[in-house]
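Chemist: I am attaching a structure below and will ask some questions about it afterwards.
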Amino acid sequence: MEIITNDNIKCPLALEGLYEVYDPEIGLNVVDLGLIYGINFDDSRKIIQTIMTLTSQFCPMGESITSDVTQSLSSAFPDYQIDVTLTFDPSWSSDFISPEGQKFLNR
Amino acid sequence: MITGVSDGGLQKTTSYKVVLPFYVYGALSFLLACGLLLVNTSAVHSHYFHPQTLAITHLMALGWGTMLILGASHQLLPVIIEGKLDSDVLAYFSFFLAATGIPFLVTGFYLFNTGRILQTGAVLINAAVICYFLNVLNSIFESKKNDVYAWFIATASLWLFTTVFFGLLLVFNFSRSWLPNNSIEYLSIHAHMGLAGWFLLLVLGVASKLIPMFLISKYTNTKTMWWIYLLINTALIGFVLLKTYNINTRFYYSPFFLVLIALVLFTNYCYKAYKVRIRKKIDEQMKVSLLSVAMLFLPLLSLIIVIYFVSMNIQESKMVLLYGFCIFFGWVTAIILGMTFKTLPFIVWNMVYHKRAVGKTPAPKELFSEKLYQIMSVLYLLGFLLFLFGIILLNDVLLKAGAASLLLSAVFYVCNVLKTIFHKPQINGNNN
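In order, the protein sequences belong to chains F and E. For reference, each letter of the first sequence is one residue, going 5 to 111 in our numbering. For reference, each letter of the second sequence is one residue, going 1083 to 1514 in our numbering.
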């Protein structure tokens, strides 16, 4: 799943932290799982808007995962306000898992 | 820095305060039932309508199976119906009423006091089930979706109410004889409404959603689930009519085959979900849960022998005991042992780590001991097989050894449940 961003310099820095945020049940990080759809940096208003999804709208870990994502971005960019928007359109599909993630799940 | 999360329609889960008491009560009931089984193995030599056998059966059916399933269904109902639990208060009421009623009922059977003790238990359990039934119906009516899974849960709840209400009539029939026949004549109707209507329908409905979810499989097939729903309900209604109108016992094969077809369809459903799973590694809890699907065929095997004996007018109490044992200590127990450690760690994880994630937290599966779980599984399977052959061979040594092994597995189960529930928060490997 390709992550849509407007800043190819800051995005890798954001992803570095997000690689440490795991879906506790699956044991895979949110980036390789394909949960992050987009990260937009509004430098003038100092806002980072992240659009993400969950494996299910009824994921019991949903609030914890979004909270982890917020904390991770906040640590990487302490001067920015973090807005995390959950969307289920499109809903998550196993096709979104990265090749590294597929390798991890096939172990 | 101010931050915000727009939840985009993320559904809220049921509070752990509602769910955990059911799990603890269920675990302690399983321990007690195994203890009673060990000290009452001689009851296997008697007719199945025996005080201690009735007490253990009701403790397993209500204290263990129903309480655990009520707890899990309060947690899973929002997931299944894609809505939220209507009332926490009704859930508390159903817990306290059932938790008070079950000891009365079990003691009443154990001492065979068919008066006030048994009647009080039956009334309290009926009140508990009414609270649960109303909560399920209200939740479904308020949810966005009324699909096949919602129908499974609603119909199973209705069968649970029918079972306990019929049980109440049978209890009062002991002392007042207001039914046309003796209570023992109606036992098979009461038992099968509970077994097929409540346990089978609810477990299949919930498992059809949970098994693919835990296997991380996108497989779903509502058409098959509708067929399973229709087959089980038709079989059950057919059986009740056959028994009520005392129709030739050879017709008992018809509901049997309808249930058999439903189970074959369900096994195929699980197999297909398993084949297209994303995560290849299957954990121990899922293995026990999948084993329980296979274990569904054991009671059916004993049931067909029972039907054969009944149709030949041969009294065969041993096979009825075997049938009941395969259901409660086999299928129901296996699925609960497996699913407890798939659902409980999530509930506790959310309780302990809800919105407090700073650093890497343990995964839900790290909240219980995998080692204890493996020992429990081995002891359980060993105990089940020993007791099973103990019933078939009427061998006291096998019965005692089997019951002891089951009791030990219950001890390990309770220890692991308590270890999970009393988990202390650990973030970045440190205790807070």
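Backbone N, C-alpha and C define an ideal beta-carbon position, used for all residues, glycine too.
Within a Cβ cutoff of 6 Å, which residues of the same chain sit near F:I8, ignoring the five residues on either side of it in sequence?
Modeler: G42
Chemist: Can you name the residues of chain E whose CB is closer than 7 Å to the CB of F:N110?
Modeler: Those within 7 Å of F:N110 in chain E are K1362.
Chemist: Should F:T57 be labelled buried (16 or more other beta-carbon atoms within 10 Å of its own) or exposed?
Modeler: buried
Chemist: With 16 other CB atoms within 10 Å as the buried threshold, where does E:E1224 fall?
Modeler: exposed
Chemist: What did DSSP end up calling E:Y1334 once you bin it into helix, strand or coil?
Modeler: helix
Chemist: Within 10 Å of its beta-carbon, does E:K1400 have 16 or more other beta-carbons around it, so buried, or fewer, so exposed?
Modeler: buried
Chemist: Say whether chain F places a C-beta atom closer than 7 Å to the C-beta of E:A1154.
Modeler: no
Chemist: On the three-state DSSP scale, how would you describe E:F1504?
Modeler: coil
Chemist: Between E:S1221 and E:L1159, how many whole angstroms is the CB-CB distance? I'm expecting something under 8 Å.
Modeler: 6 Å
Chemist: Could you confirm whether any beta carbon from chain F is found closer than 7 Å to the beta carbon of E:A1445?
Modeler: yes
Chemist: May I ask you to list, following chain order, the residues of the stretch 14-34 of chain F that have a beta carbon less than 8 Å from some beta carbon of chain E?
Modeler: E24, Y26, P28, E29, I30 and G31
Chemist: Is the beta carbon of E:W1280 closer than 7 Å to that of E:A1238?
Modeler: With respect to the 7 Å criterion, E:A1238 and E:W1280 are classified as neighbours on the basis of their beta carbons.
Chemist: Span of the beta strand (DSSP E) holding F:M56?
Modeler: I51 to M56
Chemist: Are E:Y1231 and E:G1165 touching if we call contact CB-CB under 7 Å?
Modeler: no
Chemist: Does any CB atom of chain F fall closer than 7 Å to the CB of E:Y1098?
Modeler: no
Chemist: Strictly below 8 Å CB to CB, what residues from chain F border E:F1428?
Modeler: E29, P64 and M65
Chemist: Please list, in chain order, all residues of the same chain as E:I1029 whose beta carbon is under 7 Å from its beta carbon, the five residues on each side excluded.
Modeler: Shown here, chain E extends from 1083 to 1514; a query on residue 1029 of chain E therefore has no answer.
Chemist: Going by DSSP, name the residue or residues bridged to F:F45.
Modeler: F:I52
Chemist: For E:Q1456, does the count of other Cβ atoms within 10 angstroms reach 16, so buried, or fall short, so exposed?
Modeler: exposed
Chemist: Across the stretch 1240-1255 of chain E and the stretch 1196-1209 of chain E, are there enough close Cβ pairs to call them in contact, namely three or more that are closer than 8 Å?
Modeler: yes
Chemist: Does F:S98 get closer than 7 Å to chain E when you measure Cβ to Cβ?
Modeler: At a cut-off of 7 Å between beta-carbon atoms, F:S98 makes contact with chain E.
Chemist: Considering only the beta carbon of each residue, do E:W1309 and E:L1251 sit closer than 7 Å?
Modeler: Contact: no.
Chemist: Please list, in chain order, all residues of the same chain as E:F1104 whose beta carbon is under 8 Å from its beta carbon, the five residues on each side excluded.
Modeler: M1149, L1150, L1152, G1153, A1154, H1156 and F1177
Chemist: Give me the Cα-Cα distance between F:S68 and E:T1443, rounded to the nearest whole angstrom.
Modeler: 10 Å
Chemist: Taking the alpha-carbon of F:I72 as reference, which of F:L19, F:I13 and F:R49 has the nearest alpha-carbon?
Modeler: Reading off the sequence shown, one finds Asp at residue 72 of chain F, where the question assumed Ile. Checking every option, the nearest Cα to that of F:D72 belongs to F:L19.
Chemist: Report the residue from E:F1131, E:A1137 and E:L1114 whose alpha carbon sits nearest the alpha carbon of E:V1188.
Modeler: E:A1137
Chemist: Measure from the C-beta of E:T1095 to each C-beta in chain F and report whether the shortest distance is under 7 Å.
Modeler: Taking Cβ atoms only, chain F reaches closer than 7 Å to E:T1095, which makes this a yes.
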